[in-house]
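Trainee: Under this note's numbering, the sequence shown has 182 at position 188, and the numbering climbs by one with no breaks.
Ideal Cβ positions, reconstructed from N, Cα and C, are used throughout, including at glycine.
Sending over a structure as structure tokens; questions will come in a sec.
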Amino acid sequence: MLADIDTWVLDLDNTLYQPQVGLADQMNVRIRAYFANLFGTDETEALRLQKQLVADHGTTLRGLMTTRSIDPHDYLAWEHTIDYSVLGPDPVLAEVLGGLRGPRYVYTNGSAYHADQVLGRLGLTGCVDGVFDILAAELIPKPYAASLDAFLAAFGIDPARAAMFDDLEVNLTAPYERGMTTVWVTGGTPSGQLAARRWRTSDLPEFLRANI
């Protein structure tokens, strides 16, 4: 199982909380509004442009920086308008994470501000030993290997003894190639082992309880 793991790498959005809370929906609304204002278009066209940038560049922010030379801090400012009250404490996850052996890190394409807000609302601030955000990654997002390598170097992580959890399967490719154990956190599918060092789960706390 995960007996040889002593470093835990956790994505933030839709991994530490369920997508059903609607925070990602709020984020998408803010992003589309930013697009509509930037490009002078309606929401439908803004959505199309956003999807194209993500397909071409991996993330919205990277696409805008590449094609429009925007100020990343200006873009990330929309995170300050999110209603984080949709999140509440998760004592079950806090107990499980708190019982893990070794350090626990959040690795996110969001900002440190966003991570602080989410972790605080979930009651997980004390369960995390460090946050690596998009600015720490010098604006290179997951799933790019350069972002992962910067994260591993920042905390001196041995990939062979680390497990990474993410709701986007594409973000787990580079970690797996570096020798990390990966766990795809995705709803609506049964938990199970996909291959050596590759797992899938729809229930993060239960998976951790069953496999550590």
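Do Asp7 and Val112 have their beta-carbon atoms positioned less than 9 angstroms apart in this structure?
Mentor: Working through the sequence shown from its first residue, we reach residue 112 at position 118. Working through the sequence shown from its first residue, we reach residue 7 at position 13. The answer is yes: Cβ separation under 9 angstroms.
Trainee: Please state if the CB of Leu(-4) and the CB of Thr195 are separated by a distance shorter than 9 angstroms.
Mentor: Counting from 1 along the sequence shown, the entry for residue 195 is found at position 201. Counting from 1 along the sequence shown, the entry for residue -4 is found at position 2. Result no, Cβ atoms of Thr195 and Leu(-4) do not sit closer than 9 angstroms.
Trainee: Just the Cα atoms here: how many angstroms apart are Met21 and Leu91?
Mentor: Position 27 of the sequence shown, counted from the start, is the residue given in the question as residue 21. Position 97 of the sequence shown, counted from the start, is the residue given in the question as residue 91. Cα to Cα, Met21 sits roughly 26 angstroms from Leu91.
Trainee: Rounded to a whole number of angstroms, what is the C-alpha to C-alpha distance between Ser63 and Asp161?
Mentor: Counted from its first residue, the sequence shown places residue 63 at position 69. Counted from its first residue, the sequence shown places residue 161 at position 167. Rounded to whole angstroms, Ser63 to Asp161 spans 29 angstroms at the Cα level.
Trainee: Following the continuous alpha helix (DSSP H) through Met21, name the residue where it begins and the one where it ends.
Mentor: What you label residue 21 is simply residue 27 of the sequence shown in a count that begins at 1. Where Met21 is concerned, the enclosing alpha helix (DSSP H) stretches over 17 to 33.
Trainee: Would you please state the rounded distance, in angstroms, between the beta carbons of Asp0 and Arg155? I believe it to be under 8 angstroms.
Mentor: Here residue 0 is taken as the residue at index 6 of the sequence shown, counted from 1. Here residue 155 is taken as the residue at index 161 of the sequence shown, counted from 1. Sure, about 5 angstroms apart at Cβ, within 8 angstroms.
Trainee: Within this structure, are the beta carbons of Val3 and Tyr138 separated by less than 9 angstroms?
Mentor: Position 9 of the sequence shown holds residue 3. Position 144 of the sequence shown holds residue 138. For Val3 and Tyr138, no; Cβs fall outside 9 angstroms.
Trainee: Asn31: buried (16+ other C-beta within 10 angstroms of its C-beta) or exposed?
Mentor: As a working mapping, residue 31 is identified with position 37 in the sequence shown. Label assigned to Asn31: exposed.
Trainee: Going by DSSP in three states, Gly186 sits in which element: helix, strand or coil?
Mentor: Start at 1 with the first residue of the sequence shown, and residue 186 comes out as number 192. Gly186 falls in the strand class under three-state DSSP.
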